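Here the structure comes first, spelled out in structure tokens, and everything after it is commentary.
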Ligand code: EPZ
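In our numbering, the protein residues as written are 10 to 431.
See the structure below:
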């Protein structure tokens, strides 16, 4: 397996271009199943998760053509040949469950493998299923597969989410666009990726109101047209690279970055002693002075501090002056980066969903292992500021969510390389 070698190399400077959002693209791609007309996505990220979703859509009979080195995805599902999403694809990527709502809405039936858990938690999909049942779906669990039927099509209803689930909101939103009558999603998630999906669906002819708030109202339509839609900027990639000059010193401009996508995160960085300023190309990030101040972090649904930036923020706080407390409220097992950071000399005490981080003057490079997508990049950030060499293994996790991470960081002066597996 490939490894990434990072050597602490002092302050960074230059530009990093931010790609389209993985978590927007993974819900925009299944939207093609809702229409027999072509849907084209531009500004698509080049990631292994996108390849997995492509494989899944093709297995259902959709055409997906990757153009311009993967930045454009031209899709069409005018001739679906089935509605079965097999376990061997779904287990590779939980977002595969997002084909369930569109298939049910378009074909009136679907057989989709339950995704199973992953490293960061059990990650059930009960809220996805309950929402579809409110819209009239009949569901049966057989051998780990959801067998869904909607004879006569889905009908509008009022869905009340007990908490803001991103995926459940996306599945229900897509299904509701073709349901007969009005659907109201209460307690909906407000993430920018959901706003982006709503904008794309509206371009396809859907009638949606309220995206970005906790209540979405959808008037079902007979059919949806095609569209061309640019994938929104990836706020998690953006936040990840904002941490590079924060942890190393120096100044980096994140081209394409938008403050409104990372407002809570930027405010927390400012509290820690890092300046984030708008430029006409994106965001400029610079650490004020030589040290980071300890801060407390609590992860919340958008617009709160994103859980997907918690691991990366912990790497920064390992080098802060003072004690920081991080509360992980979204997933039950999202501190697996902590034992690896301890190997680098960090001082972290994890108790359930709370991690107390006591900053140390300097981390020390060490061989470490990536355990999940965001944990892997937090180890790279730690390696950028550590004394000596950090060797990160199992970097296939990284490839799921970060395109060209070595090139992007090397481009601003980091000493980083990727060693191909022997
Ligand atoms: C999306 O996952 C993202 N993935 C995750 O990003 C992100 O961490 C998460 O939202 C929260 O922001 C994609 O968009 C592809 P949830 P999702 O439904 O939709 C529980 C990354 O690193 N839950 O908001 O699965 C669930 O177990 C990934 O890019 C239920 O209990 O997140 C979790 O504890 C990781 N029942 C919490 O809710 C359900 O039916 C939040 O899950 C659904 C979720």
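For each residue, glycine too, the CB sits at the ideal point set by N, CA and C. Remember, it's a predicted structure, so these values are computed and weren't measured experimentally.
- The beta carbon of residue 195 sits no closer than 7 Å to any heavy atom of the ligand EPZ.
- Residue 371 counts as exposed, since fewer than 16 other C-beta atoms from the protein chains shown sit within 10 angstroms of its C-beta.
- Excluding residues up to 5 positions away in sequence, 406, 409, 410 lie with their Cβ nearer than 6 Å to the Cβ of residue 382 in the same chain.
- A contact is defined here as three or more CB-CB pairs under 8 Å, and the stretch 356-366 meets this definition with respect to the stretch 327-339.
- Taking C-beta atoms as the reference points, residue 223 and residue 177 fail to come closer than 8 Å.
- If you draw a straight line from the Cα of residue 321 to the Cα of residue 37, it comes to about 26 Å.
- Nearest in C-alpha terms to residue 256, of all of 245, 221, 298, is 298.
- By the CB criterion at 8 Å, residue 342 and residue 129 fall inside the cutoff.
- Taking a cut-off of 8 Å for Cβ pairs, the stretch 16-23 and the stretch 62-69 do not touch, as fewer than three such pairs fall below it.
- Taking every protein chain shown into account, the CB of residue 78 has fewer than 16 other CB atoms within 10 angstroms, so this residue is exposed.
- Within the chosen limit of 7 Å, the ligand EPZ does not reach the beta carbon of residue 331 with any heavy atom.
- Rounded to the nearest angstrom, the Cβ distance from residue 41 to residue 105 is 14 Å, too far for a contact under 8 Å.
- Ranked by how close their Cα comes to the Cα of residue 155, the residues 345, 188, 30, 112 have 112 in first place.
- Annotation for residue 201: the continuous alpha helix (DSSP H) segment containing it runs 201-212.
- In the three-state scheme derived from DSSP, where H, G and I count as helix and E and B as strand, residue 160 is classed as coil.
- Taking residue 330 as the centre and dropping the five residues before and after it, the same chain places the C-beta of 300, 301, 302, 303, 368 closer than 8 Å to its C-beta, in chain order.
- Taking the Cα of residue 312 as reference, the smallest distance to any Cα among 272, 328, 278 is reached at 272.
- At least one heavy atom of the ligand EPZ lies closer than 7 Å to the C-beta of residue 317.
- In the structure shown, residue 304 adopts coil according to DSSP, grouped into three states.
- Runs of beta strand (DSSP E) with 3 or more residues, each lying fully within the stretch 53-99, are found at 72-76, 81-85, listed in chain order.
- Short note on residue 383: C-beta closer than 7 Å to some heavy atom of the ligand EPZ.
- Here DSSP, grouped into helix, strand and coil, assigns residue 44 to coil.
- By the neighbour-count criterion, in which 16 or more other beta carbons inside 10 Å mark a residue as buried, residue 107 falls on the buried side.
- Every alpha helix (DSSP H) stretch that sits fully inside the stretch 320-394 and reaches 4 residues is listed by chain position as 346-352, 382-394.
- Taking all protein chains in view, the Cβ of residue 88 is surrounded by fewer than 16 other Cβ atoms within 10 Å, so the residue is classified as exposed.
- With a cutoff of 8 Å on beta-carbon distance, residue 215 and residue 194 are scored as not near each other.
- The DSSP-derived three-state label of residue 274 is helix.
- Under the three-state reduction of DSSP, residue 195 is assigned to strand.
- Minimum Cα-Cα distance from residue 192 among the listed residues 183, 52, 199 corresponds to 183.
- One Cα belongs to residue 422, the other to residue 415, and the distance between them is close to 11 Å.
- In the DSSP assignment, residue 242 forms a beta bridge with 29.
- Shown here, residue 142 sits in a helix according to DSSP, grouped into three states.
- The C-alpha of residue 350 lies about 10 Å from the C-alpha of residue 392.
- Of the residues 338, 132, 150, the one whose Cα lies closest to the Cα of residue 360 is 338.
- Residue burial is scored here from C-beta neighbours: residue 180 has at least 16 other C-beta atoms within 10 angstroms and is therefore classed as buried.
- Set against 7 Å, the gap from the CB of residue 31 to the closest heavy atom of the ligand EPZ is smaller.
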